[in-house]
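Here the structure is laid out as structure tokens; the discussion comes afterwards.
Numbering (this note's numbering), first residue to last: 130 to 528.
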């Protein structure tokens, strides 16, 4: 009855002014709610609820979504997204300056691995918990870097030796590679830089093709162009096929954004753009070839090109800040979608966990599940081994 009186009173015109009725309705609602609470809590205490809990009639709700969340069994039965170690690709940094693993300060828990022993141990551990995919990132010695990055396709280079070693040791391991010039380029860019500061597109593609073929010869299962040069997927596909590597896949970095989240990765490989010299202009960032973080539709254009050019998998990088882009590609392409949970995302979670601000296990597994829910089939993550161990143990509390 009180609700009916309130409704009738609240909507009875009390004034011709606009402001008057608004103030009246607000005042009536606040006082009425307070009065209901005072009346409802004056009765005797009820068993099973805190003292002071209001007594209210059962609401006539046609649908109560919480019924489908009422128990662990029901929640698991209706879960729409499932995460498995088979979805993970473990990125590994390798070096050949001795066999000691070298910790990366900005990525706690991650090291540059000695390519002959530390790497093998890390991959064996990952495989033991169901992670059977890795992507290789070599730390090239500075004296081997040049403006044209020929070390990228050295048949005896660190990346090529690492690929061969892994395939010899673990024949069924899926080995992905990085196709780009920045780890080998003394200017720190993914392509060759002209004296005027222009990243040369077509000239760079020639060396990317040589790099991809050299990686395929070493035993790579999938090459991954991360350079963002126009037309490189088609050129690499043609180069691989011409050399007989028709079964080697291409995972294209389709939507790679000029992001602030790559800092720790560049620390790991010392691959950040270098300062220019008196006779050469070196761009201080990679914004002329990586995508603008403000852009959404542009990713669809890149995706359509990659499909036409022969990509087998399309990647979005970074991951969590670009869930909308992952979903865009998922909804518009039949190809598998990968997401890179990048170094900056990893470092933020680690830093918060170390300070006790987050439960690391729960936060990490939630982040990875969100990447999967957004539409990614594969997730490149430095947490791959650790996450797989957590998944094999206790369930996260948030499930």
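Ideal Cβ placement from N, Cα and C applies to all residues, glycine included. Keep in mind it's a predicted model, so treat the numbers as computed, not measured.
Residue i - containing alpha helix (DSSP H), residue span
i, result
"residue 419", "No alpha helix (DSSP H) contains residue 419, which DSSP labels as neither H nor E."
"residue 514", "513–521"
Residue from the options with nearest C-alpha to residue i
i, options, result
"residue 360", "287, 431, 242", "431"
"residue 302", "271, 466, 259, 395", "259"
"residue 243", "253, 225, 272", "225"
"residue 220", "509, 317, 518, 522", "509"
"residue 501", "191, 205, 210, 187", "210"
"residue 392", "414, 280, 373", "414"
"residue 520", "492, 187, 505", "492"
"residue 507", "483, 274, 441, 201", "441"
"residue 382", "324, 409, 305", "305"
"residue 214", "180, 261, 222, 232", "261"
"residue 245", "232, 234, 228", "228"
"residue 317", "287, 273, 352, 284", "273"
"residue 326", "404, 479, 180, 447", "404"
"residue 433", "461, 408, 420, 346", "461"
"residue 338", "198, 310, 206", "310"
"residue 279", "299, 340, 256", "340"
"residue 540", "231, 369, 505", "Nothing about residue 540 can be read from this structure; the chain reaches only from 130 to 528."
"residue 499", "189, 208, 203", "208"
"residue 445", "353, 263, 490", "353"
"residue 399", "342, 270, 287, 465", "270"
"residue 342", "294, 514, 288", "288"
"residue 472", "179, 512, 436", "512"
"residue 515", "197, 198, 255, 177", "255"
"residue 235", "408, 345, 483, 435", "483"
"residue 435", "426, 379, 263", "379"
Coil, strand or helix - residue i by DSSP
i, result
"residue 297", "helix"
"residue 557", "Nothing in the structure corresponds to residue 557, since the chain is present only between 130 and 528."
"residue 263", "strand"
"residue 500", "helix"
"residue 509", "strand"
"residue 355", "coil"
"residue 257", "helix"
"residue 489", "helix"
"residue 374", "coil"
"residue 180", "coil"
"residue 185", "coil"
"residue 484", "coil"
"residue 592", "Past the edges of the chain, shown from 130 to 528, lies residue 592, and the structure says nothing about it."
"residue 349", "coil"
"residue 343", "helix"
"residue 151", "Its pLDDT being 46, under 50, residue 151 is placed unreliably in this model, and the coordinates cannot settle the point."
Check whether residue i and residue j have beta carbons under 8 Å apart
i, j, result
"residue 363", "residue 238", "no"
"residue 312", "residue 266", "yes"
"residue 290", "residue 397", "no"
"residue 356", "residue 375", "no"
"residue 517", "residue 217", "yes"
"residue 388", "residue 412", "no"
"residue 450", "residue 390", "yes"
"residue 418", "residue 448", "no"
"residue 377", "residue 347", "no"
"residue 276", "residue 322", "yes"
"residue 308", "residue 384", "no"
"residue 495", "residue 478", "no"
"residue 222", "residue 252", "no"
"residue 504", "residue 458", "yes"
"residue 358", "residue 314", "no"
Where the beta strand (DSSP E) through residue i begins and ends
i, result
"residue 380", "378–385"
is_contact[residue i, chain D] using C-beta, thresh 8 Å
i, result
"residue 270", "Within the model displayed, chain D is absent; a lone protein chain is all it includes."
Counting only runs that start and end within the segment 403–479, where is the alpha helix (DSSP H) found for 4 or more residues in a row?
-> 426–438, 452–461
Would you mind listing the beta strand (DSSP E) stretches within the segment 269–341 that are 3+ residues and don't spill past its ends, in chain order?
-> 303–308
In the segment 189–249, which residue ranges form an unbroken beta strand (DSSP E) of at least 3 residues, counting only runs that do not cross its ends?
-> 217–224, 240–243
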